[in-house]
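Peer 1: First, the structure itself, so that you have it in front of you.
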Ligand SMILES: Nc1ncnc2c1ncn2[C@@H]1O[C@H](COP(=O)(O)OP(=O)(O)OP(=O)(O)O)[C@@H](O)[C@H]1O
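In UniProt numbering, the protein residues as written are 1 to 659.
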């Protein structure tokens, strides 16, 4: 496993966090007091490990990363990748060729004989220098074009892969905070780095070619000059790589804080939170919290800048000393008569060019390496996401739903010790209305999601006509379920699309769903009817009330030609009339479909064929309303009585208007 992928053992995190907070700048400490992530970064041990790892060990992984980046680039556009690499390399060849031609010019100019004759002798080489410059310039321009074309294509392809994975991973992955950090890093910078890595790789190749030419010229002039040249640049290169690692390690260490900073920033600037932010005057609190995060990040980055400057200053001084040594050696060779003046002139030129090329090489290797660290975040995300995909299932759905049952279902959310479901057995038969009731947090929605195939149980199974859903192609059974979710999404699409969720509309089914859910009244008020965009953030977009949104969500669940309708608190935001209409609908819908209903309005489950009562993740009672009411001190009986008592004796008129 590469060093920068290794996760710190949890036990080490606390200890290292203590060490870490001792080394933080004072501002970070003060914000750390308010930010748990600042005090106990999960990545601290990892960051220390990265900093302590030898540069050579880490750099050894670079070629593999470069190859991966090139593969991504090739996938995005083979033509532009080939053009970028090919044209840049060709431009590099002409740069080297130009230097060799310059050496020829100098040799002729510093030779013996009258000046006009020496100038004439230098003319062919001069022409070669000019030709090489023109060719290099043309190739570099074309290469720049190819490079500029490549970047957006690569970014697109990498981002698409990212979203293909985020939209396929198992739902519970979103409840895992470690994975959320990984996803944040991949989205934050990881995807942008592939194109950059390709560019830096090309720079490395170009610089290498220039360097080979210089090395060739220098070794012909005097072999001692070559190691001296390398010595002048190595300290600088070491400093650059080290500085990059310091920055990356700190950024990675701050992943959770930066994610929190983004979340708070969104709350401060998002429409969805704008009203409550004002109503509860959350502004000072959020701003203060945002400032604490931003202060921590700023202080940490100031610390990084200080350390980077020190490292670079060390590298620069050592490189300066090595340059002085090189020129002293050159002077010594001249004074000692070991090298004629014309050769020394060429050597100075070659050394300068060599330093430029070597510097360029080290800078591009460093940039490539730094990019590689971030690119690796994207690869790490892809690796982790692939392990979070549902295992491939090939079994087709075993016919229309006859019976959906669960067997010893156990499910715990990631990062929690307490299971939300602890061995649940229920059964829903075709044409039945089955209700799940229970107090808040008893596990109803979790069970509904498992029955809808959205979560994977840790133990037990959900069986469709006796076949374990784990073996069935997920798209097949999800298509047979109409989910009216408690946390429904209003998509930034037209009202029509918000209901049908598919490109082609079955007008008859749509009209029926609109009527059954009461969404027909909502659509009638929209300026462009079903074609109205349901998102106020865009021109001509409409906004809906909470109940209106819920009617649209109910229409979505009813539109689907499903075997099973799962309705999780489908009426929480509805007015009394709409609520009654939807419950009536759900009860009559069960003549041709099966309905699983979750609600706290117990009067509405009286008609259910069977009621399961959940408590702390277990089914504690089951039966019809009458059977459950017959259990003395029973859970359901108590809940029902509390609601019934609230209305009892108040003499409300019935639905028909009579007392
Ligand atoms: N995403 C989550 N991550 C961790 N724990 C969760 C998550 N969602 C729910 N839980 C926990 O799982 C348990 C069951 O929650 P669930 O939402 O299924 O209850 P519920 O019966 O539907 O409650 P309600 O009536 O309030 O909707 C609760 O203890 C809850 O805190």
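Yeah, the Cβ is synthetic: ideal placement off N, Cα and C, and Gly gets one too.
Give me, in chain order, the residues of the same chain whose beta-carbon lies closer than 6 Å to that of residue 645; leave out the 5 immediate sequence neighbours on both sides.
Peer 2: Correct list: empty, nothing qualifies.
Peer 1: Excluding sequence positions up to five away, which residues of its chain have a Cβ less than 7 Å from the Cβ of residue 486?
Peer 2: Result list for residue 486: 445, 568 and 569, in chain order.
Peer 1: Shortest alpha-carbon distance to residue 624 belongs to which of 556, 602 and 615?
Peer 2: Taking only the C-alpha atoms, the option nearest residue 624 is 602.
Peer 1: What's the call for residue 438, buried or exposed, on a 16-neighbour Cβ count within 10 Å?
Peer 2: It counts as buried.
Peer 1: Using the DSSP secondary-structure output, state which residues sit across from residue 494 in a beta bridge.
Peer 2: Residue 494 pairs with 533.
Peer 1: Going by C-alpha to C-alpha distance, which of 615, 67, 459 and 381 sits closest to residue 191?
Peer 2: Residue 381 is the option with its Cα nearest to residue 191.
Peer 1: Between residue 612 and residue 426, which are expected to be in contact by the criterion C-beta below 8 Å, what is the C-beta distance as a whole number of angstroms?
Peer 2: Rounded, the Cβ-Cβ distance is 5 Å, consistent with contact.
Peer 1: So the candidates are 552, 636 and 528; which of them puts its Cα closest to the Cα of residue 541?
Peer 2: Comparing Cα-Cα distances from residue 541 to each of 552, 636 and 528, the minimum goes to 528.
Peer 1: If we ignore side chains and look at the alpha-carbon of each, how far apart do residue 468 and residue 89 end up?
Peer 2: Answer to the nearest angstrom: the Cα atoms are 57 Å apart.
Peer 1: Verify the contact flag: residue 639, CB atom, against every heavy atom of ligand 1, threshold strictly below 8 Å.
Peer 2: Checking every heavy atom of ligand 1 against the Cβ of residue 639, none is found closer than 8 Å.
Peer 1: According to DSSP, is residue 165 helix, strand or coil?
Peer 2: Three-state DSSP puts residue 165 in a helix.
Peer 1: Going by the beta-carbon positions, is the gap between residue 379 and residue 68 smaller than 9 Å?
Peer 2: Cβ atoms of residue 379 and residue 68: closer than 9 Å.
Peer 1: With burial defined as no fewer than 16 other Cβ atoms inside 10 Å of the residue's Cβ, what is the status of residue 413: buried or exposed?
Peer 2: Counting Cβ neighbours within 10 Å, residue 413 comes out exposed, since fewer than 16 surround it.
Peer 1: Since residue 236 and residue 360 should fall inside the 8 Å C-beta cutoff, what is the C-beta to C-beta distance between them, to a whole number of angstroms?
Peer 2: Actually they are not in contact, since the Cβ atoms of residue 236 and residue 360 sit about 11 Å apart, beyond 8 Å.
Peer 1: Could you tell me which whole alpha helix (DSSP H) segments of length 4 or greater appear in the segment 613 to 650?
Peer 2: If we require 4 residues or more, the alpha helix (DSSP H) runs fully inside the segment 613 to 650 come out as 625 to 629 and 635 to 647.
Peer 1: Which of helix, strand or coil does DSSP assign to residue 423?
Peer 2: Correct three-state label for residue 423: strand.
Peer 1: Hey, would you say the C-beta of residue 598 is under 8 Å away from at least one heavy atom of ligand 1?
Peer 2: Under cutoff, so the answer is yes.
Peer 1: Could you compute how far the alpha carbon of residue 274 sits from the alpha carbon of residue 354?
Peer 2: When rounded, the distance between both Cα atoms is 59 Å.
Peer 1: Looking at residue 474 and residue 662, is the spacing between their C-beta atoms short of 9 Å?
Peer 2: Outside the displayed span of the chain (1 to 659) sits residue 662, for which this structure offers no information.
Peer 1: Return yes when the C-beta of residue 439 is under 8 Å from any heavy atom of ligand 1, and no when it is not.
Peer 2: The answer is yes for residue 439.
Peer 1: Between residue 178 and ligand 1, is there a pair consisting of the residue's CB and a ligand heavy atom that are separated by less than 8 Å?
Peer 2: Not under cutoff, so the answer is no.
Peer 1: Residue 641 to residue 631, Cα distance in whole Å?
Peer 2: Cα to Cα, the separation comes out at about 12 Å.
Peer 1: Looking at C-alpha atoms only, which residue of 219, 608 and 537 is the closest neighbour of residue 661?
Peer 2: The shown model of the chain, from 1 to 659, leaves out residue 661, and the question about it has no answer.
Peer 1: Within 10 angstroms of its Cβ, does residue 457 collect 16 or more other Cβ (buried), or is it exposed?
Peer 2: Classification for residue 457: buried.
Peer 1: To the nearest whole angstrom, what separates the beta carbons of residue 556 and residue 498, a pair I think is in contact under 8 Å?
Peer 2: So it is a contact: roughly 7 Å between Cβ atoms.
Peer 1: For residue 252, does the count of other Cβ atoms within 10 angstroms reach 16, so buried, or fall short, so exposed?
Peer 2: Residue 252 is buried by the Cβ-count criterion.
Peer 1: Using the beta-carbon count (16 or more within 10 Å), is residue 11 buried or exposed?
Peer 2: With a pLDDT of only 34 at residue 11, under 50, the local geometry of the prediction cannot be trusted, and the value read off the model is given with reservation. So residue 11 counts as exposed.
Peer 1: Beta-carbon within less than 8 Å of residue 93's beta-carbon, same chain only, minus the 5 sequence neighbours each way: which residues are those?
Peer 2: Around residue 93: 209.
Peer 1: Ligand 2 and residue 351: does the residue's C-beta get closer than 8 Å to at least one heavy atom of that ligand?
Peer 2: This structure does not include ligand 2; its bound ligands are ligand 1.
Peer 1: Determine which residues share a DSSP beta bridge with residue 610 and list them.
Peer 2: Bridge partners of residue 610: 434.
Peer 1: Given that a residue counts as buried once 16 or more other Cβ atoms are within 10 Å of its Cβ, and exposed if not, what is residue 491?
Peer 2: It is exposed - the Cβ of residue 491 has fewer than 16 other Cβ atoms within 10 Å.
Peer 1: Please name the residue, chosen from 103, 122, 282 and 196, that lies closest to residue 72 on a Cα-to-Cα basis.
Peer 2: Among 103, 122, 282 and 196, the Cα nearest to that of residue 72 belongs to 196.
Peer 1: What does the alpha-carbon distance come out to for the pair residue 407 and residue 460?
Peer 2: When rounded, the distance between both Cα atoms is 5 Å.
Peer 1: Going by C-alpha to C-alpha distance, which of 244, 220 and 215 sits closest to residue 230?
Peer 2: The shortest C-alpha separation from residue 230 is found at 215.
Peer 1: Along the beta strand (DSSP E) that carries residue 196, what are the first and last residues, could you check?
Peer 2: Element bounds for residue 196: not the beta strand (DSSP E) but the alpha helix (DSSP H), 193 to 221.
Peer 1: Nearest CA to the CA of residue 596: which residue from 322, 619, 566 and 604?
Peer 2: Ranking the options by Cα distance to residue 596, first place goes to 566.
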